[in-house]
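As given, the protein sequences belong to chains A and B, one line each in that order.
Using my numbering, the letters of the first sequence correspond one by one to residues 1 to 217.
Using my numbering, the letters of the second sequence correspond one by one to residues 1001 to 1314.
Glycine included, every Cβ here is placed at the ideal spot set by N, Cα and C.
What you are looking at is a predicted structure, and each value in this text was computed from that prediction instead of being measured.
Report on one structure; see the data block that follows.
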Amino acid sequence: MLSFIFKKERQVEQLIYQYLDTFKLSQESFSMAMESCFLNDSRCENFDFYIKQTHKYENKTSDISDEINNIMYGKTLIPDSRGDIMELLNEIDTIPRLFKDILYMVQTERLTVPDFIVDEIKELVRISMECCELLIRQAVALFTNSGEVRTLLGNIDTNESHCDNIERRIVAMIFDSEIDSFRKLQLKDLVEKTGRISDAAESVSKLINILSLKRRV
Amino acid sequence: MFSLLGGIFMGWSLGANDAANVFGTAVSSKMVKFYTAAILASVFVILGAIISGYAGIETLKGLTSFGKEEAVISSVAAALAVALMTAFGLPVSTSQAIVGSIVGIGILNGQLNFTGMGKVVACWFGTPIGAAIVSIILYKALAYLYNRLNLTMFESDVLIRIGMIIVGSFGAYALGANNVANVTAVFVGAGMLSVFNAALIGGVSIALGILTFSRPVMETVGNKLVRLDPFSSFVVVFSLGITVYFYTLIGVPVSSSQAIIGGVIGIGLIRGVDTISHKTLFNICTGWFLTPFIACLFAVSINYIAHLQYVPHG
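So, in structure tokens, the structure goes:
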């Protein structure tokens, strides 16, 4: 009934959901590139396409973020929360950038993963993707006030710890192996960068929890 | 008309300074645009003055019986005291200034109503304390409701913005109703204006101050004085409105600055944080004590100068 009062705010809200959808697309594209392509026996021909897609969605998230910023500050909307919203989007933005960087690293450094760590890296990517999915749910929970924020923080935190354990295990396996030293360093770099996805998700998740607590009086 | 200029100047400076108390937080935090705030404040100040301003006018008028000259002197003395305190950056109450100058003239003409004076001074102490109590009760009650509403970030933002406009308008109404007496009551006492005309001229001169010179004060005072979250700011302005309106009903002009300080301290007490710095508090207390004395001194001095006579040598 009073939707006309919230018209401009609704526009920002829709853009935020669009941002989260695009974030999900970049995550799916990254996941396809890593799990279905790069970590399979032979790199599939779609790998470059997925890189482009990931890059495209990463750019799109930045564009939407800028648009939200312009609307909120240009039309003096949501003055109480706009700083928080922008901080949140800037933090989330780090994750698609990580997706893009990892894929470009694989592409430009011509990386291949030795068989003895393929399953471990697949597991690391899978749990990192789960963190991202939980993060999207948590962000939606913040904007819809569904009350799930704290539970999801707990889940993301558990997954992040799991990722840390896998990351350490893979690095140890790499350095225990007989492969070339330079390749060891390359693979270590790849594993650490992939591990940063869950770290970033946890960091955003904590921010969402703080923003949620801030809203209670 | 010329003799009313002191009162009009007083109303103008009151509007320029005190509108910040009701809309300062909303404007400085960009919750409400300045022109929206200024227009709403002006309209509601005039309405408050015309509809509910008579009680305060009657009280101040009853403090002493003035002639035309004494009314002008007390009005100018109060305006000068306000200007001086503002120049020194001290928070100032126009209510205290006008009462101080009335007391000064009243002492000289020996027609001071001490019963009415006691009521007014007691209310000065009651304003910050009352506002603090009101803000504590309001905060508890409204926070309970607000948390139960389970609003989304966007809904909450719009609701607080609308709430700020409503309580700001109510605060402006209370300000006009209560403080119009400071501007023109002395002229009613001197028989220069009817109560309605006094309320109208007073209200319009306050509105003029709001429209022409309140912007910098709103933008700075809102940030400088009250750095609270929007919900707490809403509660503080609401408690200001209630407190000032309460004193309007009993017919005593009080300071909206004192009411807002009381409200902010109340929020600080309930949330266990320092909402106001010790230095600011010291400045406020100094202003509160000095204003009536300085206004009284000015009134006595101006009255003395006005009655100096040229005596030619033998």
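Mind checking which residues open and close the alpha helix (DSSP H) that includes VAL117(A)? Here the question's residue 117(A) lines up with position 117 in the first sequence. Here residue 117(A) is Ile; the residue named in the question, Val, does not match the sequence. Unbroken alpha helix (DSSP H) run through ILE117(A): 115–144.
Considering only residues of the same chain and omitting the five flanking positions on each side of PHE1044(B), which have a CB-CB separation below 7 Å? For this step, residue 1044(B) is matched to residue 44 along the second sequence. Closer than 7 Å at Cβ, skipping near neighbours: SER1169, ALA1172, TYR1173 and GLY1176.
Rounded to the nearest angstrom, what separates ILE197(A) and ASN145(A) at their Cα positions? Numbered from its first residue, the first sequence carries residue 197(A) at position 197. Numbered from its first residue, the first sequence carries residue 145(A) at position 145. Whole-angstrom Cα-Cα distance: 25 Å.
Enumerate in chain order the residues of its own chain whose CB-to-CB distance from LEU1208(B) is below 6 Å, with the five nearest sequence positions on each side excluded. Residue 1208(B) sits at position 208 when you count from the first residue of the second sequence. Taken in chain order, the residues that qualify are TRP1012.
From the DSSP output, in three-state form, read off HIS1307(B) for me. The residue labelled residue 1307(B) in the question sits at position 307 within the second sequence. The answer is coil: DSSP assigns HIS1307(B) none of H, G, I, E or B.
Expressed to the nearest angstrom, what Euclidean distance is found between the alpha-carbon atoms of ALA1299(B) and ALA1185(B)? Locating residue 1299(B) in the second sequence gives position 299, where the first residue counts as 1. Locating residue 1185(B) in the second sequence gives position 185, where the first residue counts as 1. Whole-angstrom Cα-Cα distance: 16 Å.
Taking the alpha carbon of ALA200(A) as the reference point, which residue from ILE95(A), ASN165(A) and GLU109(A) has its own alpha carbon closest? Here residue 200(A) refers to the residue found at position 200 when the first sequence is read from its first residue. The option with the nearest alpha carbon to ALA200(A) is ILE95(A).
Helix, strand or coil: how does DSSP classify GLY1251(B) here? Residue numbering aside, residue 1251(B) sits at position 251 when the second sequence is read from its first letter. Under the three-state reduction of DSSP, GLY1251(B) is assigned to coil, being neither helix nor strand.
Rounded C-alpha distance that separates ARG10(A) from PHE1154(B): Indexing the first sequence from 1 puts residue 10(A) at position 10. Indexing the second sequence from 1 puts residue 1154(B) at position 154. Straight-line Cα distance between these residues: approximately 8 Å.
Assumed close pair ALA1295(B), ALA1081(B) - CB separation to whole angstroms, cut-off 8 Å: The residue given as residue 1295(B) occupies position 295 in the second sequence. The residue given as residue 1081(B) occupies position 81 in the second sequence. Right, their Cβ atoms sit about 4 Å apart.
Using the Cβ count rule (16 or more neighbours within 10 Å means buried), how would you classify PHE1088(B)? Within the second sequence, numbered from 1, the residue matching residue 1088(B) stands at position 88. Burial call: exposed.
Please list, in chain order, the chain B residues whose beta carbon lies closer than 7 Å to that of VAL217(A). For this step, residue 217(A) is matched to residue 217 along the first sequence. Neighbours of VAL217(A) on chain B, chain order: ALA1143, TYR1146, ASN1147 and PHE1231.
Cβ-based burial, ARG110(A) [other Cβ within 10 Å; buried from 16]: As a first step, residue 110(A) must be located in the first sequence, where it is residue number 110. Looking at its Cβ environment, which holds fewer than 16 other Cβ atoms inside 10 Å, ARG110(A) is exposed.
Comparing the C-beta of ASN90(A) with each C-beta of chain B, is any distance below 8 Å? One-based indexing of the first sequence puts residue 90(A) at position 90. Not an interface residue.
Output yes if chain B places a C-beta closer than 8 Å to the C-beta of THR144(A); else output no. As a first step, residue 144(A) must be located in the first sequence, where it is residue number 144. At least one chain B Cβ lies under 8 Å of THR144(A).
Could you compute how far the alpha carbon of ASP164(A) sits from the alpha carbon of GLY195(A)? By 1-based counting over the first sequence, the position of residue 164(A) is 164. By 1-based counting over the first sequence, the position of residue 195(A) is 195. One C-alpha to the other measures close to 7 Å.
Under 8 Å by Cβ, that's how I've got ILE1136(B) and ILE1270(B) pegged, so tell me the actual separation to the nearest angstrom. Counted from its first residue, the second sequence places residue 1136(B) at position 136. Counted from its first residue, the second sequence places residue 1270(B) at position 270. With a beta-carbon spacing of about 5 Å, ILE1136(B) and ILE1270(B) fall inside the 8 Å limit used to define contacts.
Based on Cα-Cα distance, which residue from LEU39(A), GLU202(A) and GLY147(A) lies nearest to ARG215(A)? Within the first sequence, the letter at position 215 stands for residue 215(A). For ARG215(A), the closest alpha carbon among the candidates LEU39(A), GLU202(A) and GLY147(A) is that of GLY147(A).
Rounded to whole angstroms, what's the CA-CA distance from CYS132(A) to LEU1159(B)? Just pull it up for me. Translated into the one-based positions of the first sequence, residue 132(A) becomes position 132. Translated into the one-based positions of the second sequence, residue 1159(B) becomes position 159. Here the alpha carbons of LEU1159(B) and CYS132(A) stand approximately 32 Å from one another.
ARG168(A) lies in the alpha helix (DSSP H); which residues open and close that run? Looking up residue 168(A) in the first sequence gives position 168. Residue range 149–176 is occupied by the alpha helix (DSSP H) that includes ARG168(A).
Between which residues of its own chain and LYS100(A) is the CB-CB distance below 7 Å, once the five residues before and five after are set aside? Counting from one through the first sequence, the residue named residue 100(A) turns up at place 100. So the qualifying residues of the chain are THR54, HIS55 and GLU58.
Can you tell me which of the three DSSP states PHE1066(B) falls into? Indexing the second sequence from 1 puts residue 1066(B) at position 66. In this structure, PHE1066(B) counts as coil in the three-state DSSP scheme.
Taking only beta-carbon positions, decide if PHE1238(B) is within less than 8 Å of chain A. Taking the first residue of the second sequence as 1, we reach residue 1238(B) at position 238. PHE1238(B) does not count as touching chain A.
Residue-chain proximity (PRO79(A), chain B), Cβ-Cβ < 8 Å: For the purposes of this step, residue 79(A) is taken as residue 79 along the first sequence, with counting starting at 1. Yes, because at least one Cβ of chain B sits closer than 8 Å to the Cβ of PRO79(A).
Would DSSP call LEU1045(B) helix, strand or coil? In the second sequence, counting from the first residue as 1, residue 1045(B) sits at position 45. Looking at the sequence provided, one finds Val at residue 1045(B) rather than Leu. DSSP places VAL1045(B) in helix when its eight states are reduced to three.
What residues of chain A sit near ASN1283(B), judged by a beta carbon separation below 9 Å? Within the second sequence, residue 1283(B) is the residue found at index 283, counting from 1. None at all; the shortest Cβ gap to chain A is about 29 Å.
Nearest by alpha-carbon distance to LEU1228(B): which of LEU1200(B), ILE1260(B) and TRP1124(B) is it? Looking up residue 1228(B) in the second sequence gives position 228. Of LEU1200(B), ILE1260(B) and TRP1124(B), the residue nearest in Cα terms is ILE1260(B).
Near GLY1067(B), what residues of its chain come up, given a Cβ to Cβ distance below 7 Å and the 5 sequence neighbours on each side ignored? As a position in the second sequence, residue 1067(B) is number 67, starting the count at 1. Within the same chain, GLY1067(B) has close Cβ partners ALA1190.
Terminal residues of the alpha helix (DSSP H) in which HIS55(A) lies: Counting from one through the first sequence, the residue named residue 55(A) turns up at place 55. Start and end: 47–74.
Have a look at ILE64(A), LYS60(A) and SER29(A) and flag the residue whose alpha-carbon is nearest the alpha-carbon of PHE49(A). The residue labelled residue 49(A) in the question sits at position 49 within the first sequence. Answer by Cα proximity: SER29(A).
Out of curiosity, what's the CA-to-CA distance linking MET1(A) and LYS193(A)? As a working mapping, residue 1(A) is identified with position 1 in the first sequence. As a working mapping, residue 193(A) is identified with position 193 in the first sequence. With a pLDDT of only 46 at MET1(A), under the threshold of 50, the placement of this residue in the model should not be trusted; the figure read from the coordinates follows. Roughly 49 Å separates the two Cα atoms.
With a threshold of 16 other CB atoms inside 10 Å of the CB of SER212(A), please say whether the residue is buried or exposed. Taking the first sequence and counting its residues from 1, one reaches residue 212(A) at position 212. Per the 10 Å Cβ criterion, buried.
Pair every Cβ in the segment 1237–1245 of chain B with every Cβ in the segment 1126–1135 of chain B, then say whether three or more of these pairs are closer than 8 Å. Yes: at least three Cβ pairs fall under 8 Å.
Could you please give the first and the last residue of the uninterrupted alpha helix (DSSP H) stretch that includes GLU109(A)? By one-based count along the first sequence, residue 109(A) stands at place 109. Here GLU109(A) belongs to no alpha helix (DSSP H), and DSSP marks it neither H nor E.
C-beta atoms of ALA1019(B) and SER1214(B) nearer than 8 Å: Walking along the second sequence from the start, residue 1019(B) turns up at place 19. Walking along the second sequence from the start, residue 1214(B) turns up at place 214. In this structure, ALA1019(B) lies near SER1214(B), with their beta-carbon atoms less than 8 Å apart.
Under 8 Å between C-beta atoms, does THR1152(B) make it to chain A? For the purposes of this step, residue 1152(B) is taken as residue 152 along the second sequence, with counting starting at 1. The Cβ of THR1152(B) sits closer than 8 Å to at least one Cβ of chain A.
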